[in-house]
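Going by numbering that gives the first Met the number 0, the sequence shown opens with residue 0, and the numbers climb by one from there.
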Amino acid sequence: MQGVLGVPVPLLLLHKSSSNHHHCCTIICRKKQKKIRVGDTWPSLSLSLFTSGFILGPLIDGLHSRVNLVVYQNGAIQIGPLHTNIWVPPLLGLFYCTVGLLQLFLDDNLYPAEVPPEGSGSGSARKVAASLITLILLIELSAELYKGGVGDNVEAYILFGAAELAWVLLDRTRLGFALASLVGIVAPLAEIPIIKLYHLWYYPQANVDIFGQGLVSWTMSCYFVYTPFLISLARWLRTLITAAPKPEEEEEEGGGSP
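Written out as structure tokens, the structure is:
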């Protein structure tokens with residue numbers, strides 16, 4: 000059968016099919032080549048991270064408050080078995096958001112055209128679950144050691160050793176270790192002005208005094224282990240957000256349909 004221009008119809012159909020296939024491949028390749036940066040999706044990422052910290056953070060923090068490692072003062076509330084503070088959910092939401100966005104910013108600048116190295120960088124639900132379980136186990140271990148009256152030095156050795164083991168199992172990257180160390184140092188220091196100015200909580204058995212405020216030294220290890228979880232969570236949330244089709248992409252794909 001001949002077409003209008005004298006070209007056999009099967010050849011016309013083959014050319015059209017090949018054209019559509021090439022168009023789809025172009026769209027897919029464009030998506031793969033263009034890495035979505037934090038600046039393109041930061042509102043959605045910020046909201047997702049903040050919400051995660053707002054809901055999940057107080058539940059994890061409750062493992063410490065139940066053994067009176069931390070005692071809440073102004074704004075203290077009791078929600079069933081959970082003893083917390085009305086300011087803890089937004090503060091932990093801000094913590095999740097800050098660390099998560101910082102990691103994604105580092106990813107964009109250190110790995111501009113590729114995925115982060117193997118380790119916590121897989122951005123998978125499995126990694127998120129593994130790092131969350133590890134975090135909960137270490138927080139629970141610290142609470143039980145504190146409740147059992149284990150000496151501060153002994154508990155510090157145990158928890159810092161467990162934190163390094165967690166890094167080996169979950170991350171194994173120098174960047175991950177550096178960020179976890181930074182968070183482990185800065186986060187406890189950030190508590191000082193909050194405690195001194197607003198009297199939201201205090202540590203009844205503090206073993207170190209910094210700027211006139213009592214803290215518990217080994218909580219650094221808890222923040223250290225928190226970091227691999229936040230790294231995995233932030234990367235996983237970005238994969239979910241960027242995987243969602245954009246309206247302009249749907250229109251472009253629809254334009255190539257026969």
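Just so it is clear, CB atoms sit at the ideal spot from N, CA and C, and this is done for glycine as well.
Treat the numbers as computed from the prediction; the structure is a model and nothing was measured.
- Residue burial is scored here from C-beta neighbours: G99 has at least 16 other C-beta atoms within 10 angstroms and is therefore classed as buried.
- Using a Cβ distance threshold of 8 Å, L62 and E139 count as a contacting pair.
- Secondary structure of H82 (DSSP, three-state): strand.
- The DSSP-derived three-state label of A233 is helix.
- Counting C-beta pairs with one atom in each stretch, the segment 64–75 and the segment 46–55 have fewer than three that are closer than 8 Å, which means they do not touch.
- C221 has its alpha-carbon roughly 27 Å from the corresponding atom of W41.
- Using a 10 angstroms sphere on the CB of L236, the tally of other CB atoms reaches 16 or more, which defines it as buried.
- In the three-state reduction of the DSSP assignment, W41 falls in the helix class, which pools H, G and I.
- The alpha-carbon separation between G160 and D170 amounts to approximately 15 Å.
- Residues of the same chain with a CB within less than 7 Å of the CB of P89, apart from the 5 flanking positions on each side, are F53 in chain order.
- The segment 181–193 and the segment 206–216 touch, with three or more beta-carbon pairs separated by less than 8 Å.
- Here the alpha carbons of V87 and P192 stand approximately 15 Å from one another.
- In the DSSP annotation of this structure, D106 is not part of any beta strand (DSSP E); the continuous alpha helix (DSSP H) holding it starts and ends at V87 to L109.
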